[in-house]
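Q: Sharing a structure with you now.
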Amino acid sequence: MKRVLVGLSGGVDSAVAAYLLKQEGYDVVGVMLRTWMSDDGQESRCCEIDDAKAIADAIGIPFHPFNCTGVFNDKVIQPFMEQYLQGLTPNPCIFCNRYVKWERLMYYMKVLKGDYIATGHYAKVVKLDNGRYTVRNAEHIEKDQTYMLYRLTQEELAATLMPLGKYSKDEVRAIA
Numbered sequence: 013m014k015r016v017l018v019g020l021s022g023g024v025d026s027a028v029a030a031y032l033l034k035q036e037g038y039d040v041v042g043v044m045l046r047t048w049m050s051d052d053g054q055e056s057r058c059c060e061i062d063d064a065k066a067i068a069d070a071i072g073i074p075f076h077p078f079n080c081t082g083v084f085n086d087k088v089i090q091p092f093m094e095q096y097l098q099g100l101t102p103n104p105c106i107f108c109n110r111y112v113k114w115e116r117l118m119y120y121m122k123v124l125k126g127d128y129i130a131t132g133h134y135a136k137v138v139k140l141d142n143g144r145y146t147v148r149n150a151e152h153i154e155k156d157q158t159y160m161l162y163r164l165t166q167e168e169l170a171a172t173l174m175p176l177g178k179y180s181k182d183e184v185r186a187i188a
């Protein structure tokens, strides 16, 4: 059975991605990448560990939270601030996806002996005839998130599953 690490944020999209992959017969492991601490040392509300753990428990999968606050600061916050101060309008999600989510998920995939990684992004990964991988639009274009994934490497794309690429947000909510 192939093992897939699913990045769980505590939200509905990643929860349904994990559920769908388990239903497809994968050995699913939930992983939370903690990226932010508030001034009082508490996790941010956007990526709640308790919610992600509750989702993993409800689906019946193991759960591993990992502290990624340092790499998030170095690869996302600092470059964002530098570019913003130069008068640019950076999109921190692009840097976070490439340098935090995928880079860290790939690392933990190897540590936890996984075969694939997955997220709750609305996109598709397709293997082309020439053997290279590409990101393609989700079937329901209104939630398409391919623009945030253009920096992913061939190695990352080859190891990525995106089970929500064929669903609308309403369909994902109905599954949840």
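Under my numbering, the residues of the sequence shown are numbered 13 to 188, in order.
Quick reminder that beta carbons are idealized off the backbone N, C-alpha and C, glycines included.
Distance, Cα to Cα, residue 158 vs residue 20?
A: If you number the sequence shown from 1, residue 158 lands on position 146. If you number the sequence shown from 1, residue 20 lands on position 8. The alpha-carbon atoms of residue 158 and residue 20 are separated by roughly 19 Å.
Q: Can you give the Cα-Cα distance for residue 91 and residue 149, rounded to whole angstroms?
A: As a working mapping, residue 91 is identified with position 79 in the sequence shown. As a working mapping, residue 149 is identified with position 137 in the sequence shown. The straight-line gap from Cα to Cα measures roughly 27 Å.
Q: Alpha helix (DSSP H) containing residue 144: first to last residue?
A: Sequence index remark: in the sequence shown, residue 144 carries index 132 (1-based). Where residue 144 is concerned, there is no enclosing alpha helix (DSSP H), given that its DSSP letter is neither H nor E.
Q: Could you give the residue range of the alpha helix (DSSP H) that holds residue 33?
A: By one-based count along the sequence shown, residue 33 stands at place 21. Unbroken alpha helix (DSSP H) run through residue 33: 24-35.
Q: Answer yes or no: do residue 30 and residue 22 have a C-beta to C-beta separation smaller than 8 Å?
A: Walking along the sequence shown from the start, residue 30 turns up at place 18. Walking along the sequence shown from the start, residue 22 turns up at place 10. No, these two residues do not count as a Cβ contact at 8 Å.
Q: Starting from the C-beta of residue 183, find all residues in its chain whose C-beta is less than 7 Å away, skip the five residues before and the five after it, and write them out in chain order.
A: In the sequence shown, counting from the first residue as 1, residue 183 sits at position 171. Closer than 7 Å at Cβ, skipping near neighbours: no residue.
Q: Between 139, 108, 135, 99, which has its C-alpha nearest residue 166's C-alpha?
A: Counting from 1 along the sequence shown, the entry for residue 166 is found at position 154. The candidate whose alpha carbon is nearest that of residue 166 is 139.
Q: Once you ignore the five residues that flank residue 170 on each side, which residues in its own chain have a CB closer than 6 Å to its CB?
A: Translated into the one-based positions of the sequence shown, residue 170 becomes position 158. Cβ neighbours of residue 170 beyond the five flanking positions: 145.
Q: Below 8 Å on the Cβ atoms is my guess for residue 28 versus residue 127; work out the distance and round it to an integer in Å.
A: One-based indexing of the sequence shown puts residue 28 at position 16. One-based indexing of the sequence shown puts residue 127 at position 115. Actually they do not touch by this definition, with Cβ atoms about 21 Å apart.
Q: Could you tell me which whole beta strand (DSSP E) segments of length 3 or greater appear in the stretch 92-151?
A: The stretch 92-151 contains these whole beta strand (DSSP E) runs: 128-130, 136-139, 145-148.
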